[in-house]
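Numbering (this note's numbering), first residue to last: 33 to 107.
Each residue gets a CB set at the ideal place from its N, CA and C atoms; glycine is no exception.
Please read all numbers here as calculations on a predicted model, not as lab measurements.
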């Protein structure tokens with residue numbers, strides 16, 4: 033990705049999620065608990081699906097510029 037602000041934001045939110053989820057003192061303060069790895073598996077499958085669909089979308093746009101997919105999904 034070429035967008036620096038987007039990259040920094042994604043890294044920041046991932047680090048913030050790890051801090052809130054897995055650091056003991058934040059768990060006590062926010063009354064949360066750590067999730068087991070198995071709880072993350074359904075979400076990871078959707079991440080993979082979204083990445084694949086986005087790459088297919090970009091391939092179709094490159095193959096058919098100005099087509100329906102380009103007009104409907106580009107902003």
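Check                                                                                                 : Outcome
Residue-level contact to chain B via CB, residue 87, 8 Å cutoff                                       : Of the protein chains in this structure there is only one, and it is not chain B.
Same chain only: Cβ atoms within 8 Å of residue 96, ignoring 5 sequence neighbours per side           : 102
Proximal residues to residue 51 (C-beta, below 8 Å), its chain only, five neighbours per side dropped : 58
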